[in-house]
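A quick write-up on the structure given underneath.
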Amino acid sequence: MLTSLVPLMNDVGLKAEWQVIRGDEKFFNVTKTMHDCLQGTSVSWNQYTTRVWLQYNQMNAELFDQDYDYVIVHDPQPAGILKMLETGGKARHGKWLWRCHIDLTEGQENVWQFLEPFVEIYDGVIFSLEDYVKGSLGTARIFTLPPAIDPLSPKNIELSPEVIAQVLSPYGVNLNRPLILQVSRFDKAKNPWGVIDAYRLVKREVPWVQLVLVTSLAQDDPDSRDYFEHVAKYAGGDYDVYLLTNLVGVGNVEVNALQRSARVAIQNSAKEGFGLVVSEALWKGRPVVAGNAGGIPLQIIYGKTGYLVNTVEECANRIAYLLKHPQVAERMGQAGKEHVRQNFLITRYLRDYLKILNRLSGRPGEPITGGLEYRSG
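Just add 218 to the spot in the sequence shown (first one is 1) and you have the working numbering.
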């Protein structure tokens, strides 16, 4: 989102910059561990990970040019920079916001207790959903701000049927047959195995259906490769199941083309931060069948823009129904696009950011929108 948000901020008259923290593989691995711990995964946070996190936050604090009116720090990785600056004797300049993009509510409490003193000194904290707000957080100002999509980005811009066919031609997908799609990480939270199970049930009723699973594999993340191999083995050589990754050239434009080609989009999440891929699919006029997790219920109006499901059988039944009732699918898709237009486009996101900055400046303003409320202590 920052690739769209920062230029838009400049367009409306702010002087906005995007700084990237410094680090190496050691720091990357530790921040991944912290991320997993804060989302409830049973991995260990210990003296070594604490030491590395503190060391690299200290280094980035020393490198930071702090002459800004507002600083927005994203996620846990660099959350310690402000405290490191002040501990080092530098006076705070401007207002500081911590923007948390993940769900902390089921995280390991000891890791949150370690992180909380670094977070509570910020002038404000932004969560994606009100349900994600940590009740113990002592900061006076808490904002809730759902994320948004950029309709003019390569992932969301309109594509003609000719361009779609050309973009997807290397991957062997038959655009004359119905296609169902999930774009997600391959891990337990997104449950691609359950998607394959649902597809197999759907295929009994719609034998010509195809399934495409798209994921991203990081060169320096062996876990993603292990999960990919497990999913590939589970698919069992079914020629109507396509596993596509960035390593075979699938990027934003290809995902765009696949979403526009799908009859039904799936987001089979057992756990979700916000699940913005749901809005991406809805923006293309596609109904979505998804797990009832995280921010997905904000995006899916049950029976109007898609369906929320809790089991493989429910998922399969809803997919099969939409495939066999294309007029219903079309109606849901159009309702979904309008829902996104009104609530989840980058222009609304920019507007609410401007309102938050206005609040921090001490000026009165309208309530923060995006469907959730502003809270001040």
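From the three backbone atoms N, C-alpha and C, an ideal C-beta is built for every residue, glycine too.
Of the choices the options, whose alpha-carbon is the least far from that of residue i?
i, options, result
"L399", "Q485, R317 and V530", "Q485"
"G455", "G491, V473, K489 and R418", "R418"
"A436", "L465, A416 and Q257", "L465"
"V261", "A453, N328 and L572", "N328"
"K477", "G467, R504, K489 and P296", "The sequence shown places Gln at residue 477, not Lys. Selected option, being the one with the closest Cα: R504."
"V230", "H543, R577, L568 and S579", "L568"
"L575", "P294, Y266, P225 and W314", "W314"
"G512", "G493, T529 and E447", "G493"
"Y389", "Y350, K352, A453 and Y460", "Y460"
"L322", "E304, F345 and G307", "F345"
"F446", "R403, Q326 and A475", "R403"
"S442", "G312, T463 and S487", "T463"
"Q265", "V248, P440, K502 and N409", "V248"
Any heavy atom of the ligand COA within a distance shorter than 7 Å of the CB on residue i?
i, result
"T251", "Ligands displayed in this structure: none; no statement on the ligand COA is therefore possible."
Compare the C-beta of residue i against all C-beta atoms of chain C and say whether one is closer than 8 Å.
i, result
"L281", "The displayed structure is made up of one protein chain only, and chain C is not part of it."
Does DSSP put residue i in a helix, in a strand, or in coil?
i, result
"Q326", "coil"
"W236", "coil"
"Q384", "helix"
"Y350", "helix"
"L168", "It is not possible to answer for residue 168, since the shown part of the chain is limited to 219 through 595."
"T463", "strand"
"V261", "coil"
"T433", "strand"
"Q276", "helix"
"L195", "In this structure the chain extends from 219 to 595, so residue 195 is not present and cannot be described."
"K573", "helix"
"Y389", "helix"
"R310", "coil"
"H253", "helix"
"L223", "helix"
"V468", "coil"
"A453", "helix"
"P544", "helix"
Pull up the distance between the alpha-carbon of residue i and that of residue j, whole angstroms please.
i, j, result
"L223", "E423", "44 Å"
"G595", "R359", "Bear in mind that the predicted position of G595 carries a pLDDT of just 33, short of 50, making it unreliable; the figure below should be weighed with that in mind. Using only the alpha carbons, I get a separation of about 6 Å."
"M550", "P379", "21 Å"
"E472", "V343", "35 Å"
"C255", "L386", "38 Å"
"M227", "L572", "9 Å"
"T497", "K373", "Before going further, note that residue 497 is Ser rather than Thr in the sequence given. Using only the alpha carbons, I get a separation of about 12 Å."
"L300", "T251", "21 Å"
"V420", "V289", "49 Å"
"P335", "K233", "30 Å"
"T259", "W330", "13 Å"
"E548", "A534", "18 Å"
"D444", "L281", "36 Å"
"W271", "V558", "37 Å"
"G298", "E324", "21 Å"
"E531", "A416", "7 Å"
"K451", "N275", "40 Å"
"E235", "K542", "49 Å"
"N394", "I518", "27 Å"
"F361", "Q384", "44 Å"
"M302", "G412", "44 Å"
"Q552", "Q545", "11 Å"
Write down the C-beta distance between residue i and residue j rounded to the nearest angstrom, noting that I regard them as a contact closer than 8 Å.
i, j, result
"T673", "L500", "Residue 673 lies beyond the stretch modelled for the chain, which goes from 219 to 595, so this question has no answer here."
"V506", "G469", "Not quite, the Cβ-Cβ distance comes to about 21 Å (not below 8 Å), so this is no contact."
"L516", "P364", "6 Å"
"S479", "I414", "Not a contact, Cβ separation roughly 19 Å."
"H319", "G491", "6 Å"
"I367", "L220", "At roughly 13 Å, the Cβ-Cβ gap does not stay under 8 Å, so I367 and L220 are not in contact."
"N474", "L377", "6 Å"
Could you tell me which residues DSSP pairs with residue i in its beta bridges?
i, result
"L484", "The sequence given here places Ile at residue 484; Leu does not occur at that position. I484 pairs with Q400 and V507."
"T268", "According to DSSP, T268 bridges with nothing at all."
"L377", "Looking at the DSSP assignment, L377 forms no beta bridge with any residue, so it has no partner."
"Q428", "L397"
"V343", "W316 and I360"
"H292", "R317"
"I519", "None; I519 has no bridge partner."
"V527", "G509"
"L563", "I367"
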